[in-house]
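The block underneath contains the structure these notes are about, expressed in structure tokens.
Residue numbers (the working numbering): 2 to 250.
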């Protein structure tokens, strides 16, 4: 759902697929464009409910962040521990994603085509601005990942282990960056659904499910990276590795 777009690895692993389905951007244009006062009030109540959900989601994400950092920085964490954590996070994410859809449907049904078109036109500048901001964030995040790769190599004294660890870090960085791009840059079919005031529950559900599938794949990458680095590092080397892992979570 892209509730927040901070591009720390945390946001991608935990908040990445969150997409508020444009609901939070509609508050101001709804006040300006919707004529029927009863419908306007109902729509604003739906938006208020989504804001509350988003606030709860962000608090929960912070809790998950702390847990993930603890797991990733512990050299003894095994795949089973990661899998158990991911299962909890994914279940919460899916539940949250689906809870947004009825609110979006209710908003659509209470707006005329003219009101919807005017609202979308009103937020178009904000959408374009968000895309420009995302481009800058992506560039900055790429630099962070590049530094991560080199710092992981430097954490190992043995040359062979340094090379193996560096390659593992590079593979992970590449996959995560590609995922970030896919999540933040809606393709044409996604935009058609988001901008359609007659989008069905099934259309919206398919959109968030596709994002979830991309997002969940990053979990496997982090688990695999941790396993490889933990197997290569001595206890002293792991102190340096853990420090670098913390920076990207």
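Built from N, CA and C at the ideal position, the CB exists for glycine as well.
When DSSP states are grouped into helix, strand and coil, residue 111 belongs to the coil group. In its chain, beyond the 5 residues on either side, 231 and 239 have a beta carbon closer than 6 Å to the beta carbon of residue 76.
The three-state reading of DSSP puts residue 79 in coil, since its state is none of H, G, I, E or B. When C-beta atoms of the stretch 174-185 are compared with those of the stretch 136-143, three or more pairs fall below 8 Å, so the two segments count as touching. Distance from the CA atom of residue 94 to the CA atom of residue 250, rounded to whole angstroms, is 18 Å. By the beta-carbon neighbour count (other beta carbons within 10 angstroms, threshold 16), residue 155 is exposed. If you look at residue 65, you'll find it in the alpha helix (DSSP H) that goes 38-74. For residue 245, the uninterrupted alpha helix (DSSP H) run begins and ends at 236-248, by DSSP. For residue 148, the closest C-alpha among the options 245, 202 and 228 is that of 245.
Between residue 42 and residue 107, the C-beta gap is not smaller than 8 Å, which leaves the two residues out of contact. Exclusion of the five residues before and after residue 50 leaves 104 as the residues of its chain whose Cβ lies within less than 8 Å of its Cβ. Contact check for residue 30 against residue 123 passes: the beta carbons are separated by less than 8 Å. Exposed is the label assigned to residue 38, since fewer than 16 other Cβ atoms lie within 10 Å of its Cβ.
For the set 91, 44 and 80, the Cα lying nearest the Cα of residue 65 is the one of 91. Counting the other CB atoms within 10 Å of its CB gives residue 127 a total below 16, which places it among the exposed residues.
The Cβ-Cβ distance between residue 197 and residue 114 does not fall below 8 Å.
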